[in-house]
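Q: First residue of the sequence shown? That's 230 in our numbering, and the numbers climb one at a time after it. The C-beta atom is built at its ideal place from N, Cα and C for all residues, glycine as well. No experiment lies behind these values; they were computed from the predicted model shown.
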Amino acid sequence: MHQAAQREHSDQQRATRLSRLLVCAAAVPVMLIAAGCSSDSGSDDGAGKDTTGPGATTSADATAAPTVQAAAYQKLPEPCAVLSKKTLTELVPKGAKSGKEGTSSDTASRGSCSWTSLDNNGVKGSQFRWLNVSLLRFDSSQTQGEGDKLAAAYYAKQVQEAQSVTGAKNAKSEPVAGAGAEATAVRYDLKKKEGAFKQQTVVARVENVVVTIDYNGAGLAGEKAPSADTLTKAAEKAVKEAVAAVTSANGTGAGGSSGSGSGGASSTPSKSPSKSPAKSASPSASKSAAKSDAKAPAATASSSASSAADKS
230 MHQAAQREHS
240 DQQRATRLSR
250 LLVCAAAVPV
260 MLIAAGCSSD
270 SGSDDGAGKD
280 TTGPGATTSA
290 DATAAPTVQA
300 AAYQKLPEPC
310 AVLSKKTLTE
320 LVPKGAKSGK
330 EGTSSDTASR
340 GSCSWTSLDN
350 NGVKGSQFRW
360 LNVSLLRFDS
370 SQTQGEGDKL
380 AAAYYAKQVQ
390 EAQSVTGAKN
400 AKSEPVAGAG
410 AEATAVRYDL
420 KKKEGAFKQQ
430 TVVARVENVV
440 VTIDYNGAGL
450 AGEKAPSADT
460 LTKAAEKAVK
470 EAVAAVTSAN
480 GTGAGGSSGS
490 GSGGASSTPS
500 KSPSKSPAKS
510 ASPSASKSAA
520 KSDAKAPAAT
530 ASSSASSAAD
540 KS
């Protein structure tokens, strides 16, 4: 009887253990399934996200450089052909056909031409005139900015330099209307051993191009000095013709732009920005280019008159 009770007790213990094993075995797949569902849910959340919507940010968007507006003018006219024969005859009567083009490694960005006139009247003295036209075009680039803004900065520098010439007397500056987006005429007297020179510098900007007219005159060997008003009026006429030649060379109207950097209704901007920032003229390089040919000696004048003209 006692043994039967023991067996019954043992059977109950085995039944209990078996029940526990079955419960555990049934719980394992449930846990695995739950874990799998949890993992799939996380994956679906990631895959369901829209990475192409308006709020998405890609590496390309983050590193894209801002677009720079292309320069309006892409070429320059022939520097020795920007002034008419009539104008040259008025400014340099004895040298209208003697235009000398300055050297340039990039004629699409810079150019210059100079004329020398000496009306020699022997013992009665001589009238000397010297004229120089400089053209400088600025390209737009990602590194330096928009061409018209670069041109505006150089324009301001040219005017300031003309206003601060050492030894200048009776200096006077005035705006010039009808010559591109902005223009200024600077005139002064410069006394030298050869005579009293009247110097006129007129600087104009049209879009991304700066035009500089240097014009001086003197009465030599006792001849009367020319009128500063007359010379300034002639120089202003010349700068307007040069500006018109620039706009015409780029297929636009002779009036040019009246705004600063706006492009104007008459301008024809290039369809693509400059490809080579290296061609954009820097102020320091532009200065040497614009002035390098302004100091060529006069072929027909005496050496003293040439020296005076070169330094004016």
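Residue 465 and residue 388 look like a contact to me (Cβ under 8 Å); what is the Cβ gap, rounded to whole Å?
A: Position 236 of the sequence shown, counted from the first residue, corresponds to residue 465. Position 159 of the sequence shown, counted from the first residue, corresponds to residue 388. So it is not a contact: roughly 14 Å between Cβ atoms.
Q: Can you list, in chain order, the residues of its chain whose CB lies under 6 Å from that of residue 411, leaving out five sequence neighbours each side?
A: Here residue 411 refers to the residue found at position 182 when the sequence shown is read from its first residue. Once the five neighbours on either side are set aside, the close Cβ partners of residue 411 are 434.
Q: Would DSSP call residue 452 helix, strand or coil?
A: Counted from its first residue, the sequence shown places residue 452 at position 223. The answer is coil: DSSP assigns residue 452 none of H, G, I, E or B.
Q: Let me know if residue 469 comes out buried or exposed under the rule of 16 or more other beta-carbons within 10 Å of its beta-carbon.
A: On the sequence shown, residue 469 is found 240 positions in, with the first residue counted as 1. By the Cβ neighbour-count rule, residue 469 is buried, with 16 or more other Cβ atoms within 10 Å of its own.
Q: Which of the three DSSP states, helix, strand or coil, is assigned to residue 320?
A: Here residue 320 is taken as the residue at index 91 of the sequence shown, counted from 1. In the structure shown, the three-state DSSP call for residue 320 is helix.
Q: Nearest to residue 383 by CA position, among 365, 422, 452, 369, is which residue?
A: Residue numbering aside, residue 383 sits at position 154 when the sequence shown is read from its first letter. Check the Cα spacing between residue 383 and each of 365, 422, 452, 369: the tightest is with 365.
Q: Quick one: complete beta strand (DSSP E) runs, 3+ long, within the stretch 405-478?
A: Qualifying beta strand (DSSP E) stretches, in chain order: 411-421, 424-435, 438-449.
Q: Given a threshold of 16 other Cβ atoms within 10 Å of its Cβ, counted over all protein chains shown, does residue 368 qualify as buried or as exposed?
A: Translated into positions along the sequence shown, residue 368 becomes position 139. Buried, because 16 or more other Cβ atoms sit within 10 Å of the Cβ of residue 368.
Q: How many Å lie between residue 457 and residue 295 at the Cα?
A: On the sequence shown, position 228 is the one that residue 457 refers to. On the sequence shown, position 66 is the one that residue 295 refers to. Their Cα atoms are separated by approximately 49 Å.
Q: Can you tell which of 472, 316, 453, 375 has its C-alpha closest to the C-alpha of residue 299?
A: By 1-based counting over the sequence shown, the position of residue 299 is 70. When each option's Cα is compared against that of residue 299, the closest is 375.
Q: Using only the alpha-carbon positions, how far apart do residue 348 and residue 380 sit?
A: The sequence position of residue 348 within the sequence shown is 119, counting from 1. The sequence position of residue 380 within the sequence shown is 151, counting from 1. Taking the straight line joining both Cα atoms gives about 37 Å.
Q: Since residue 342 sits in a beta bridge, which residues does DSSP pair it with?
A: On the sequence shown, residue 342 is found 113 positions in, with the first residue counted as 1. DSSP output for residue 342 lists 330, 362 as bridge partner(s).
Q: Classify residue 303 as buried or exposed, calling it buried when 16 or more other Cβ atoms lie within 10 Å of its own Cβ.
A: Numbered from its first residue, the sequence shown carries residue 303 at position 74. So residue 303 ends up on the buried side.
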